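Here the structure comes first, spelled out in structure tokens, and everything after it is commentary.
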Amino acid sequence: MIEGTDLDAFISSTYPVIPVPSQQDLPILEGHGVRYMVAADGLWRELRWPWVYAKYPLLTNADLALPYGAISECVTFKFASPPPALWREFISDAKAAFPLEAAGALIWHEKDLSWRYARRKALQAKSDFIEYEEVSLGEDEHLVVDIHSHGRLMPFFSSTDDQDDMGSVKISVVFGCLDAEPSWVMRLNLLDRKLAMSLDSDFNFKVEPFDDSCHS
């Protein structure tokens with residue numbers, strides 16, 4: 595167990611806080627991890643994962659006038675979006691499990707930039723609940739998209755989903771209306787922030803602006 599000043603040193607080195615320069619560019623975060631930035635309008639977070647890079651506000655106020663530089667929000671994915679066929683595979687599995695819930699995952703390979711779909715084996719499933727066996731990841735693989743279905747219900751994020759997603763970095767998707775025309779909702783989880791997302795007509799990810807529309 596890390597205690598006292600050793601714990602403070604660990605936190606400072608793992609989650610550093612830096613001022614945003616006002617007269618020069620801020621160097622990008624090296625390696626993977628998180629750092630915090632004090633900008634002219636308050637506190638921001640910079641996050642770098644193998645598959646996503648993001649800068650976003652945490653505690654900001656436009657009326658602040660701190661003596662630091664300005665910073666802009668951004669989200670950049672390091673991959674092309676999953677092929678449409680993988681979404682169809684999950685929809686097929688969800689319809690087969692109907693009216694029970696089903697769960698799956700879209701997994702990205704960091705080296706060859708490929709995607710694969712994996713069905714999560716249900717250990718216990720109901721029309722409004724599922725417990726499943728987690729999929730295994732190979733070397734250089736990352737579970738990026740977490741998917742489950744809601745049977746005949748409309749897709750939405752429940753309080754249980756909110757708890758499960760808290761502290762994670764992943765894209766969460768819920769499919770619903772499996773007895774009619776399937777529809778879905780999705781969001782990007784960035785630790786304690788949740789950003790609404792969508793798919794365009796070519797099945798490419800679209801991230802909505804940072805606001806409170808998907809923040810819980």
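The working numbering applies: residue 595 is where the sequence shown begins, and numbers increase by one.
Glycine residues also receive a C-beta, built at the ideal position from the N, C-alpha and C atoms.
As the structure is a computational prediction, the values presented were derived from the model and not from experiment.
Range of the contiguous beta strand (DSSP E) that encloses residue i
i: E735; result: E735 to S743
i: S762; result: S762 to G770
i: S708; result: No beta strand (DSSP E) holds S708; DSSP gives it neither H nor E.
i: S792; result: R787 to L793
i: W643; result: Segment: none, W643 is in no beta strand (DSSP E) and carries neither H nor E.
i: R746; result: Per DSSP, R746 belongs to no beta strand (DSSP E) and is neither H nor E.
i: A633; result: G627 to A633
i: Y726; result: F723 to E727
i: P613; result: V611 to P613
i: K800; result: F799 to V801
i: F671; result: C668 to F671
Close Cβ partners of residue i (< 6 Å) along its chain, the five nearest in sequence each way excluded
i: R710; result: I701
i: E735; result: I701 and H703
i: R642; result: L623 and H626
i: S792; result: K800
Residue i burial status per 10 Å Cβ neighbour count (16 or more: buried)
i: S606; result: exposed
i: I622; result: exposed
i: F804; result: buried
i: D740; result: buried
i: L680; result: buried
i: H809; result: Residue confidence for H809 is low, a pLDDT of 40 falling below 50, so the modelled location carries little weight and cannot support an answer.
i: G625; result: exposed
i: E695; result: buried
i: P661; result: exposed
i: Y609; result: exposed
i: D600; result: exposed
i: S766; result: buried
i: F684; result: buried
Proximity winner among the options, relative to residue i (alpha-carbon distances)
i: L747; options: T599, K720, A656 and T654; result: K720
i: I665; options: K705, V632, E683 and E695; result: V632
i: S686; options: T754, K800 and R713; result: R713
i: V779; options: L652, M760 and E802; result: E802
i: N783; options: D619, W645, T608 and A659; result: W645
i: G761; options: S753, S743 and L785; result: L785
i: I612; options: L658, H626, A634 and L601; result: A634
i: N655; options: G636, F671 and T670; result: G636
i: V729; options: D602, K715, H742 and S753; result: K715
i: S752; options: A674, F723 and F604; result: F723
Sequence-distant residues of the same chain with beta carbon closer than 7 Å to residue i, five excluded per side
i: P693; result: S721, G745 and R746
i: P615; result: G663
i: D773; result: F692 and R746
i: R639; result: V628, Y630, Y650 and L652
i: P678; result: F797
i: L731; result: I701 and L737
Run of the alpha helix (DSSP H) containing residue i, from where it starts to where it stops
i: W681; result: P678 to A691
i: D758; result: S753 to D759
Own chain residues within Cβ distance below 8 Å of residue i, not counting five before or after
i: N659; result: Reading off the sequence shown, one finds Ala at residue 659, where the question assumed Asn. So the list reads A634, once near-sequence residues are dropped.
i: K705; result: D734
i: F750; result: H744, V768, G770 and V779
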